[in-house]
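> Just so we're on the same page, this note's numbering is the position in the sequence shown counted from 1, plus 25.
A virtual CB, placed ideally from N, CA and C, is assigned to each residue, including glycine.
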Amino acid sequence: MPKPASSIDRSRRGLPRAGSCSFTTLLLSSVFFLGLACFDSGPPVGPIAMRRITADQYRQTIADVFGPEIKIVGRFEPDARRNGLLAVGTAWVSITPAGFEQYDAIARRIAEQVVAPENRERLVGCTPADPEGPGAACSEQFIRHFGRRLLRRRLEDEDIGWRVAIAEEAARQMGDFYVGLRMALSSILVAPEFLFRVERAVSDPESPDRLRLTDHSIATRLSFFLWNTTPDEELLQAAERGELATDAGLARQIDRLLASPRLEKGVEAFFSDVLGFDELEDVSKDPILFPRFSRKILKDARQQTLRTVADHLIVRGEDFREIFTTRRTFMNRTLGVVYRVPVKTAEGWEATEFPPGSPRVGLQSHLSILALHSHPGRTSATLRGIFVREALLCQDVPAAPADVDFNVVQDVHNPDLKTARERLIAHSSERGCANCHKLVDPIGLALENFDGAGIWRSTENGVPIDAGGELEGMEFVGAEGLGRVLYETGTASACAVRNLFRYAVGRDPEKGERFFVRDLEDRFAEEGYRFAALIRALAMSESFRSASEPRQLESAGGERVANLPAAATNAEPGEEAG
């Protein structure tokens, strides 16, 4: 990566002073885009890619490196969902100039907090001889330590040298050592290697047509896969010792990460991606129709679902398929009122079970999923059915034609079509509608007892609701029946394996890897559908630590470096559904 000069030339009239916001943004944006130019050479590559860290990964990394007390204020460029996953979309998004300004502003606010007087003893770790001037030794120690954690590799002398030079010159001009340190930290927080997970690989001596990820790239991939954050100190040390290139060394680190309580958050991140929970931020409901609905309820409902999954799969180590049939969940006081479940704990969460006979069975009956896949003023059997097909079964559903008329479905006051089932039957009789709706409506109609906010109801417009459904040739009733079908067919568990593979490596399986994915599905079943065992098998696989030959130039040292996509892409637009 090109480096700025070791001294700052202010001889030109009008150049901002070091330490000012305009100077910092000008300097750091130059460093950032020069860095991108260094990476972005040649045609786009296949499996090896630069993956922009998500907003959640950014926040978690800052909390892990500097502590949860450091506040992150600002807006991130939007993440993009591709082929159903944000994890796949990370390789298809870049950073725009306007977006960089946002990252720069966030970085400066973080750096200000890190070097603030109340945090210096805990975070800076050294004291300059003269706090009103340069302090090269302390600057180098600080940059070397935090640069290694944030850039996820050991810094070379040149990586440190130019940042120390920036800190020294800024401290000299501003008469404040900590202003210089703040600028040096900001330069790390806007570096391409921080904002993107840069995967590097070397030729695999055992397979000439394959590339093996370097130890640091494996460490990064492993940490974000299992913990959704930057590698910790022990994992970085293992990478530096070359241990991740051996089966035994890799297995030790995988087992350590699997044994950590932090695995629960990593599994929650995976299911948040699969379930599309990033879209909960955009959910709104008609306040007249749903007066009890609130942002807090929706936030708590999201956490309820993710806690339930992590507890079932990781803490208790139960059968994956039972996430669709379990009555066990977690509840706080706010949700207890909505679900009509008694909660003893005044604050926080407690484990509970929906009683026998309750219609709440499995994740598909959770408020988070039901409210997300509804319209602001009504339910949508179609959206709920699409969710089951695409997110839980990995099946594609054709988009609705652009000229479809949804008036029949939307008219909830039609005296002749009082229920959603009746309206959908009438709508599906229109030209071009039946083929799509027959795939999804029989699934979603089984959830019609839950209104647009996910609250139980027995009637619609005074008419009893028919919650009969059909999936893969099996008829059922209600959320409990749907959960039983998802448990029994095996399609949902196979989909979970495919989604976990795509989430872990950030791409779809290549042609030669499809056999491996099917083998993973078989092993998942043989292990009793234990999720931790599936994670371990995937992390130990060749696909996880290697990739196909990229079509691009080598960097110095024979390493292959990912290319950055030419421009950001937005998530694939969704279609209005009935």
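#1: Residue range of the alpha helix (DSSP H) that L275 falls in?
#2: Which ranges does the beta strand (DSSP E) cover as unbroken runs of at least 3 residues, wholly within the stretch 314-385, from first to last along the chain?
#3: Residues in its own chain within less than 6 angstroms of Q420 by CB, not counting five upstream and five downstream?
#4: Let me know if L282 comes out buried or exposed under the rule of 16 or more other beta-carbons within 10 Å of its beta-carbon.
#5: Note down, one range per segment and in chain order, each alpha helix (DSSP H) of at least 4 residues found wholly within the stretch 59-133.
#6: Within the stretch 387-467, note down every full alpha helix (DSSP H) run reaching 4 residues or more, in order along the chain.
#7: Starting from E165, trace the beta strand (DSSP E) both ways and give me its first and last residue.
#8: So Q278 packs on A263, CB below 8 angstroms; how close in whole Å?
#9: Any chance the stretch 460-479 sits against the stretch 315-334, with 3 or more Cβ pairs inside 8 angstroms?
#10: Going by C-alpha distance, which of A326, L442, L418 is nearest L395?
#11: Do three or more CB pairs link the stretch 339-348 to the stretch 429-437 at distances below 8 angstroms?
#12: Could you pull out every unbroken alpha helix (DSSP H) segment of at least 4 residues lying fully inside the stretch 491-551, listed in chain order?
#13: Once the 5 residues before and after G150 are set aside, which same chain residues still bring their CB inside 6 angstroms of it?
#14: For the beta strand (DSSP E) holding V223, just list the boundary residues, first then last.
#15: At the level of alpha carbons, what is the spacing between P41 and F101?
#16: Note down the Cα distance separating A335 from S405, rounded to an integer number of angstroms.
#17: What three-state label does DSSP hand A141 in the structure shown?
#18: Kindly identify the DSSP beta-bridge partner or partners of R237.
#19: Quick check on DSSP: helix, strand or coil for T484?
#20: If you follow the alpha helix (DSSP H) that M208 is in, where does it begin and where does it stop?
#21: Rounded to whole angstroms, what's the CA-CA distance from E218 to P367? Just pull it up for me.
#22: Starting from V189, follow the alpha helix (DSSP H) in both directions and report where the run begins and ends.
#23: Using only alpha-carbon positions, find the residue among F249, R332, E347 that is nearest to T377.
#24: Determine the burial state of H337: buried for a count of at least 16 other Cβ atoms within 10 Å of its Cβ, exposed for fewer.
#25: Using 8 angstroms as the threshold, is the C-beta distance between L247 and A564 below it?
#26: Quick check on the DSSP output: the alpha helix (DSSP H) that includes V292 runs from which residue to which?
#27: Using only alpha-carbon positions, find the residue among V299, F296, L260 that is nearest to D280.
#28: What three-state label does DSSP hand P156 in the structure shown?
#29: Are T254 and Q85 closer than 8 angstroms when you measure CB to CB?
#30: For the alpha helix (DSSP H) that contains E259, what are its first and last residues?
#31: Is the stretch 136-152 touching the stretch 91-99 in the sense that three or more CB pairs, one from each, lie closer than 8 angstroms?
#32: If you pair each beta-carbon of the stretch 505-514 with each one of the stretch 386-395, do three or more pairs fall below 8 angstroms?
#33: What is the DSSP secondary structure of R555, reduced to helix, strand or coil?
#34: Going by C-alpha distance, which of R173, T351, I135 is nearest A244?
#35: Less than 8 angstroms between the beta carbons of G607 and L392, yes or no?
On the basis of the supplied data:
#1: That run of the alpha helix (DSSP H) goes 272-284.
#2: As for any beta strand (DSSP E) of minimum length 3 sitting wholly inside the stretch 314-385, the runs are 353-356, 375-378, ordered along the chain.
#3: R414
#4: So L282 ends up on the buried side.
#5: 80-91, 111-114
#6: 392-397, 406-412, 432-435, 445-453
#7: First-last for E165: 161-176, but that is the alpha helix (DSSP H), not the beta strand (DSSP E).
#8: Taking 8 angstroms as the upper bound for CB-CB distance, Q278 and A263 are in contact here, some 5 angstroms apart.
#9: As far as the Cβ criterion goes, the stretch 460-479 touches the stretch 315-334, which means the pair count is three or higher.
#10: A326
#11: no
#12: 503-514, 516-530, 539-551
#13: Non-local C-beta neighbours of G150 in its own chain, meaning closer than 6 angstroms and more than five positions away in sequence, are absent.
#14: 221-223
#15: Note that P41 has pLDDT 40, beneath the 50 cutoff, so the model's placement of it is unreliable and the number below is only indicative. Those two C-alpha atoms are separated by around 26 angstroms.
#16: 28 angstroms
#17: Here A141 carries a coil assignment [DSSP, helix/strand/coil].
#18: V227, S571
#19: Secondary structure at T484: strand, using DSSP grouped into helix, strand and coil.
#20: 202-214
#21: 49 angstroms
#22: 182-199
#23: R332
#24: buried
#25: yes
#26: Annotation for V292: the continuous alpha helix (DSSP H) segment containing it runs 288-299.
#27: L260
#28: coil
#29: yes
#30: Per DSSP, E259 belongs to the alpha helix (DSSP H) from 258-265.
#31: With the cut-off at 8 angstroms, the stretch 91-99 and the stretch 136-152 touch.
#32: yes
#33: strand
#34: R173
#35: Lying before the first or after the last residue shown, residue 607 is absent from the chain, which here runs from 26 to 603.
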